[in-house]
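Here is the structure we will look at.
Protein chains in written order, with this note's numbering: chain U, 2 to 341; chain P, 204 to 388.
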């Protein structure tokens with residue numbers, strides 16, 4: 002009896018499905034593919050191109066709102082940065098279950114101190130890092146030991162290092178143990194297995210939210226690269242978000258933002274809206290947020306354009322300040338759960 | 204032959220069981236339906252994340268990033284966000300590449316810019332901001348830099364494609380072509 006997760010999808014041939022024999026295959030192959038999905042269904046939890054000044058010779062820290070899997074999965078974390086010196090760069094990743102500005106309780110996930118080569122991109126890949134289901138934000142800190150760094154990208158995606166353990170998962174996924182299918186002639190009725198294939202596959206799909214919009218800059222307002230002082234909304238350049246194959250006319254994403262102000266009122270200072278490729282934006286397709294140094298969230302319904310694999314919506318982030326004050330937009334993260 | 208099937212995940216079909224009979228007939232249609240659900244989840248491309256960031260300004264022209272690619276993908280395109288001020292000057296084109304497609308010389312993809320303006324970023328006032336999609340033609344052996352599809356590894360497992368873009372202030376990647384036959388991968 003074993004729960005095995007093949008390293009690649011096992012594709013049954015058309016004739017094997019249409020004319021199956023009274024045997025283990027192809028059913029066993031498909032059930033093992035479920036276990037493969039557990040390990041390798043890896044939509045990005047966070048994919049962030051940092052906004053920060055180039056060539057920073059100090060500690061650089063970011064806070065990134067997240068909505069992780071309910072299964073408390075191991076993740077792979079990839080950092081891309083360009084160092085100026087042949088030295089080292091300390092990288093620390095923490096999480097919190099509740100962001101509260103300077104009073105946040107951070108729990109360290111891991112730290113690593115890779116060697117850097119001058120003027121050579123460092124791609125630091127760290128595997129097997131567990132992010133609990135209760136995590137609501139990541140904090141990532143880069144500290145070069147010498148010289149400076151230009152920070153390019155952070156990628157975090159679910160990637161369990163082992164086949165799923167026995168038992169029904171919080172997400173609803175049920176792994177496949179081959180014990181009952183290995184006997185020559187006394188395998189049980191397959192009804193539950195057939196339903197498990199769809200139920201478990203969709204459970205994974207719905208549990209692992211996909212990051213579809215990101216903007217992150219340094220948490221410390223003294224270092225924040227883009228500071229908004231205008232009292233009318235200032236728009237950041239729009240970006241195109243793709244939802245391949247989603248032919249329904251609309252879908253819903255969840256947007257989380259973190260912003261703060263130098264002083265004054267905080268209400269409705271950040272806006273995320275859909276911008277159609279033709280016509281003018283519609284106020285009903287926007288969400289506004291307070292810049293109160295807390296992670297605020299809202300849903301946004303998008304009306305999709307394009308077709309097939311190129312189905313998309315253009316999104317625009319805007320921010321404004323109250324008179325005489327500044328607004329610091331620290332993070333915008335939107336995620337999509339297929340089916341929403 | 205088994206091409207990937209692109210499913211719209213919005214709808215009740217996600218919660219409907221393959222069969223609700225306790226002892227259904229041993230029909231191949233049930234097996235096909237169950238198998239298809241797993242293959243669709245595995246091969247539906249992940250959403251193309253829109254990355255918003257300061258780019259194209261001094262010291263921030265280059266951007267390296269990675270994209271997780273679902274199984275069965277073959278080619279991609281990118282949508283590039285650009286922002287310009289009101290100063291007239293020769294604007295350099297966006298360039299981008301995927302590691303799988305090649306990172307130098309003729310393998311580099313070039314997306315021309317229609318503007319003759321300086322690149323700026325918030326809070327500097329932006330006069331023109333647009334989204335440009337990269338080219339829509341398939342050429343895996345270009346003789347010179349061109350505006351073509353990006354190449355991906357066509358695998359039966361998800362993986363990370365390392366990518367690069369220059370002079371943009373926003374980028375998203377989406378799969379534009381999947382493998383014609385998953386059995387052949």
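No residue lacks a Cβ here, since even glycine has one placed at the ideal position from N, Cα and C.
Span of the alpha helix (DSSP H) around residue i
i, result
"residue 17 (chain U)", "15 to 19"
"residue 238 (chain P)", "231 to 246"
"residue 39 (chain U)", "28 to 41"
"residue 204 (chain U)", "192 to 208"
Endpoints, the beta strand (DSSP E) within which residue i is located
i, result
"residue 336 (chain P)", "331 to 336"
"residue 302 (chain U)", "296 to 304"
"residue 128 (chain U)", "123 to 131"
"residue 380 (chain P)", "373 to 381"
"residue 257 (chain U)", "251 to 262"
"residue 300 (chain P)", "297 to 301"
"residue 343 (chain U)", "For chain U, the structure presents residues 2 to 341; residue 343 (chain U) sits outside this window and is missing."
"residue 326 (chain U)", "Run containing residue 326 (chain U): none; DSSP gives neither H nor E here."
"residue 92 (chain U)", "88 to 97"
"residue 66 (chain U)", "61 to 66"
"residue 84 (chain U)", "75 to 84"
"residue 154 (chain U)", "150 to 159"
CA nearest to the CA of residue i, picked from the options
i, options, result
"residue 279 (chain P)", "U:238, U:243, U:16, U:6", "U:243"
"residue 6 (chain U)", "U:326, U:171, U:164", "U:164"
"residue 250 (chain P)", "P:380, P:386, P:385, P:376", "P:376"
"residue 102 (chain U)", "U:315, U:310, U:295, U:318", "U:295"
"residue 357 (chain P)", "P:367, P:388, P:350", "P:388"
"residue 195 (chain U)", "U:332, U:232, U:28", "U:28"
"residue 257 (chain U)", "U:279, U:237, U:292, U:59", "U:292"
"residue 151 (chain U)", "U:58, U:64, U:113", "U:58"
"residue 154 (chain U)", "U:11, U:80, U:339, U:331", "U:80"
"residue 318 (chain P)", "P:214, P:284, P:362", "P:284"
"residue 305 (chain P)", "P:255, P:204, P:241, P:354", "P:354"
"residue 158 (chain U)", "P:296, P:385, P:272, P:255", "P:272"
"residue 321 (chain P)", "P:213, P:232, P:255, P:261", "P:261"
"residue 334 (chain P)", "P:213, P:253, P:235, P:360", "P:253"
"residue 339 (chain P)", "P:330, P:350, P:248, P:332", "P:350"
8 angstroms Cβ cutoff, residue i in contact with chain U
i, result
"residue 355 (chain P)", "no"
"residue 326 (chain P)", "yes"
"residue 337 (chain P)", "no"
"residue 320 (chain P)", "no"
"residue 345 (chain P)", "no"
"residue 266 (chain P)", "yes"
"residue 257 (chain P)", "yes"
"residue 363 (chain P)", "yes"
"residue 262 (chain P)", "yes"
"residue 299 (chain P)", "no"
"residue 225 (chain P)", "yes"
"residue 205 (chain P)", "yes"
"residue 369 (chain P)", "no"
"residue 238 (chain P)", "yes"
"residue 210 (chain P)", "yes"
"residue 277 (chain P)", "no"
"residue 382 (chain P)", "no"
CB-CB length for residue i against residue j, believed under 8 angstroms
i, j, result
"residue 320 (chain U)", "residue 216 (chain U)", "Not confirmed; about 10 angstroms, so no contact."
"residue 301 (chain U)", "residue 254 (chain U)", "5 angstroms"
"residue 383 (chain P)", "residue 258 (chain P)", "Actually they are not in contact, since the Cβ atoms of residue 383 (chain P) and residue 258 (chain P) sit about 35 angstroms apart, beyond 8 angstroms."
"residue 315 (chain U)", "residue 263 (chain U)", "The Cβ separation is near 31 angstroms, so there is no contact."
"residue 219 (chain U)", "residue 53 (chain U)", "6 angstroms"
Test: residue i CB closer than 8 angstroms to a CB of chain P
i, result
"residue 245 (chain U)", "yes"
"residue 212 (chain U)", "yes"
"residue 337 (chain U)", "yes"
"residue 135 (chain U)", "no"
"residue 321 (chain U)", "no"
"residue 58 (chain U)", "no"
"residue 90 (chain U)", "no"
"residue 248 (chain U)", "yes"
"residue 226 (chain U)", "yes"
"residue 67 (chain U)", "no"
"residue 34 (chain U)", "yes"
"residue 282 (chain U)", "no"
"residue 19 (chain U)", "yes"
For residue i: DSSP bridge partner residues
i, result
"residue 212 (chain P)", "Note: residue 212 (chain P) sits in no beta bridge, so no partner."
"residue 52 (chain U)", "U:218"
"residue 370 (chain P)", "Residue 370 (chain P) is not bridged to any residue."
"residue 312 (chain P)", "P:299, P:349"
"residue 233 (chain U)", "Paired residue(s): none; residue 233 (chain U) is not in a bridge."
"residue 313 (chain U)", "U:243, U:306"
"residue 284 (chain P)", "P:334, P:373"
"residue 57 (chain U)", "U:150"
"residue 272 (chain U)", "U:289, U:319"
CB contact check: residue i to chain A, cutoff 8 angstroms
i, result
"residue 313 (chain P)", "In summary, chain A is missing from the structure at hand, where the protein chains are U and P."
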